[in-house]
Structures are given as structure tokens and as C-alpha cells.
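The number in the working numbering is simply the position in the sequence shown, starting from 1, with 1368 added.
Step one of this worksheet: look at the structure below.
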Amino acid sequence: MNKPDLKDPRKLYYTDKFPDQEQGTPALQDEMQPKPDCGEETYEGHGLLLNRKALVTGGDSGIGRAVAIAFAREGADVAIQYFPGEDTDAQEVADYIEKAGRKAVLLPCDFRDEKAPEEIIDQVVEKLGGLDTMVLNAAQQIAHAKIDDLPVQQIKDSLEINVVAMLALVKAAKPYLPAGGAIVTTTSVQAFNPSSHLLDYAATKAAIANLTINLGQQLIEDGIRVNGVAPGPIWTPLQLDNGQLEGAIPEFGQDSLMGRAGQPAELAPTYVFLASNLASYTTSQIYGVTGGEHINL
1369 MNKPDLKDPR
1379 KLYYTDKFPD
1389 QEQGTPALQD
1399 EMQPKPDCGE
1409 ETYEGHGLLL
1419 NRKALVTGGD
1429 SGIGRAVAIA
1439 FAREGADVAI
1449 QYFPGEDTDA
1459 QEVADYIEKA
1469 GRKAVLLPCD
1479 FRDEKAPEEI
1489 IDQVVEKLGG
1499 LDTMVLNAAQ
1509 QIAHAKIDDL
1519 PVQQIKDSLE
1529 INVVAMLALV
1539 KAAKPYLPAG
1549 GAIVTTTSVQ
1559 AFNPSSHLLD
1569 YAATKAAIAN
1579 LTINLGQQLI
1589 EDGIRVNGVA
1599 PGPIWTPLQL
1609 DNGQLEGAIP
1619 EFGQDSLMGR
1629 AGQPAELAPT
1639 YVFLASNLAS
1649 YTTSQIYGVT
1659 GGEHINL
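In C-alpha cells form, the structure reads like this:
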């Protein structure tokens, strides 16, 4: 008698406390212990994004890495933007994309440069021969216990990287995006239940949720769908680059309903679905992948 393939979600992936660790800027996935699972060995494609031409920002590690690998295995050519200095992680992703038989384009840039979004779009269109799918995922997250310690320049940088660059990318890409194209943003559970030590980051994620809904309403007039994913506590390099308060890493994600942090591989299928034709009647929506924390009532 055949048995169903049931797995207890509480016991999937890494369930222990994390070793206390931190990195400088930029933090690299290759140096994390344990390394995040981005589906490198497990994700199987089904042709859901065949011949798509996709841009994934923050695609070298964490959630962006998992999405880039999944998109390639679903049949897409993928360009990944990443912060300069993350070349080792980015090259690994490019290797996975090419092993899937798809074209990879590496685009290092710093979104604090206001010219970067337009330059990135121009390069994607030139090197991929077009653009129809965007995953806007790049972000800065730096924790401070009190507003007294929060530099004003950090607030400006968070807004520039997380929000302004995202809108600028969409504005630059719009002339190229065809009907049937899709944009997927990365917001956060922080947009709906903010932590006091992530004042600027949480505010930008709330802005992204609002922009996602608003852009979806605008761009559907051109047949372009816009949706967002709201992750909960996910084990990525973002957490080790001052993304959590000192001493918080060992307990990271342990207070979720699942009792563990999530892995990037657990989010990739949601991005694939929202980018694919399976989500043809879905726009201006936010999907939570939070380990149980609510994003609405």
C-alpha cells in the first residue's frame, strides 16, 4: 500500500539553536554556519517559467538565491543583482543557473547610487534580450535597540535601497514589460508586526506592501501582475550583517509557531507560483510565509 509523502513541518530543515556568529559587510552565505538551504540539491522544476527573462535583485544569497535557482530550473534565463563584494556567492548562483541549461547574468551594483536601477534594467534587456519577470528582493536591515543609536544616514540608505530603488526599477522596466509579465516584491512580516529594534527596516517593508498593492492596481491596465511575499524569520546572511541585536542569533526564529527559523528554499515555490501563469487571477496580493505569524486577520 502506498503511503502519502507527509513531512512534519516542525522538524524539516535545521531545528537547533544557531551558533552565535556575525560577519562584516557584506555578509556571505558561503561563510554561514550552518549554510542556508536554498534548494540547491532539492528544487525540481516543472517548466512553469519556460523561456522567461527574469531579474532577481539580491539574488546572490538567501531568498534571492533560492528564487534564482528555482526560476532557472523552471526554465527562465536569470539576471541577478548583488552588492559588490558578494561575488563568491553570486558566482555560485550563476553556476547553478547554467547547470539548469539557462543563461545567467551577474550585475554587481549598490542601490544607494540613484543611477543604478536604470543602468541595471538596460543591462538586463541587452544581455537577456528582454525582460518579463522581476523579483524585487534586495534590502538593507540593521538593528538598533533604541532610536538614539539609529543614524539618520542609515534611515536614508534603507529607504533608498529598499524602497526608492524598487520603484525606480519598476519605472525603468515598465516600457519593456509585456502583457503577461509579473513583478514579485519581498515585503516582510515586519510590515504587519514590526519589531522595535528594526525601526527603519520595518517601515520600508510596510511601504513595500503598500506599493505592491498600488502598483498592482496600476500595472494590470497593461496586463502586468504585481504581488508580494512577506517572509517571517528566514536564515539568511542579512541576519549576520548587524541584522539582529547582539546575542540574538542563537535563538533566531525559535519563537515562531513552527519552533524554528525558515529556510530560503521554503519560500521559492511561492515566488514561482506568483510569477507563473498559475497565478493568472492574482494581483495586488501579499502572501505570508512566516512560520505561523499572521500578516492579516
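Glycine included, each C-beta is placed from N, C-alpha and C at the ideal position.
- No Cβ-Cβ contact shorter than 7 Å links F1641 with A1633.
- Nearest Cα to L1527 within the set E1494, F1439 and D1481: D1481.
- Taking the CA atoms as reference points, K1573 sits about 26 Å from G1548.
- DSSP places R1593 in the strand class (E or B) of the three-state scheme.
- By the C-beta density criterion, G1497 is exposed, having fewer than 16 other C-beta atoms within 10 angstroms.
- Per DSSP, V1552 is not a residue of any alpha helix (DSSP H); the beta strand (DSSP E) it occupies stretches across A1550 to T1554.
- With a beta-carbon spacing of about 6 Å, A1447 and L1475 fall inside the 8 Å limit used to define contacts.
- With respect to Y1544, V1597 sits apart: the two C-beta atoms are not nearer than 7 Å.
- In the three-state scheme derived from DSSP, where H, G and I count as helix and E and B as strand, M1369 is classed as coil.
- Distances from the alpha-carbon of P1404 to those of E1442, I1431 and V1552 put I1431 closest.
- Runs of the beta strand (DSSP E) lying entirely within the segment 1403-1486 and spanning at least 3 residues, in chain order: 1421-1425, 1445-1450 and 1472-1476.
- Residue environment: I1551 is assigned as buried (16 or more neighbouring CB atoms within 10 Å of its CB, all protein chains considered).
- Shown here, Y1655 sits in a strand according to DSSP, grouped into three states.
- In this chain, the alpha helix (DSSP H) harbouring L1579 covers L1567 to L1587.
- Per DSSP, V1640 has no beta bridge partner at all.
- Minimum Cα-Cα distance from K1471 among the listed residues A1434, D1463 and L1608 corresponds to D1463.
- Nearest Cα to A1484 within the set A1434, V1538 and L1518: V1538.
- Annotation for K1495: V1473 place their beta carbon closer than 6 Å to its own, counting only its chain and skipping 5 residues before and after.
- Under the three-state reduction of DSSP, L1635 is assigned to coil, being neither helix nor strand.
- Assignment of beta-bridge partners to I1602 by DSSP yields G1630.
- Look at M1534 here: in three-state DSSP terms it is helix.
- Two segments are said to touch when three or more pairs of C-beta atoms, one from each, lie closer than 8 Å; by this definition the segment 1643-1660 touches the segment 1576-1588.
- In the structure shown, the three-state DSSP call for L1504 is strand.
- In this structure, the alpha-carbon of M1369 lies about 18 Å from that of K1375.
- Excluding the 5 residues flanking it on each side, G1659 has same chain C-beta neighbours closer than 8 Å at G1600, P1601, G1621, S1624, L1625, M1626, R1628, A1629 and G1630, in chain order.
- Note on geometry: alpha-carbon atoms of G1591 and G1584 lie some 10 Å from one another.
- Proximity to A1533 across T1553, L1566 and A1643 peaks at T1553, based on C-alpha coordinates.
- Residue nearest to G1453 within the set K1542, C1477 and K1379 is C1477 (criterion: CA-CA distance).
- Under the three-state reduction of DSSP, L1499 is assigned to coil, being neither helix nor strand.
- In the DSSP assignment, K1524 falls within the alpha helix (DSSP H) that extends over V1520 to L1527.
- Around the C-beta of T1604, 16 or more other C-beta atoms lie within 10 Å, and the residue is accordingly described as buried.
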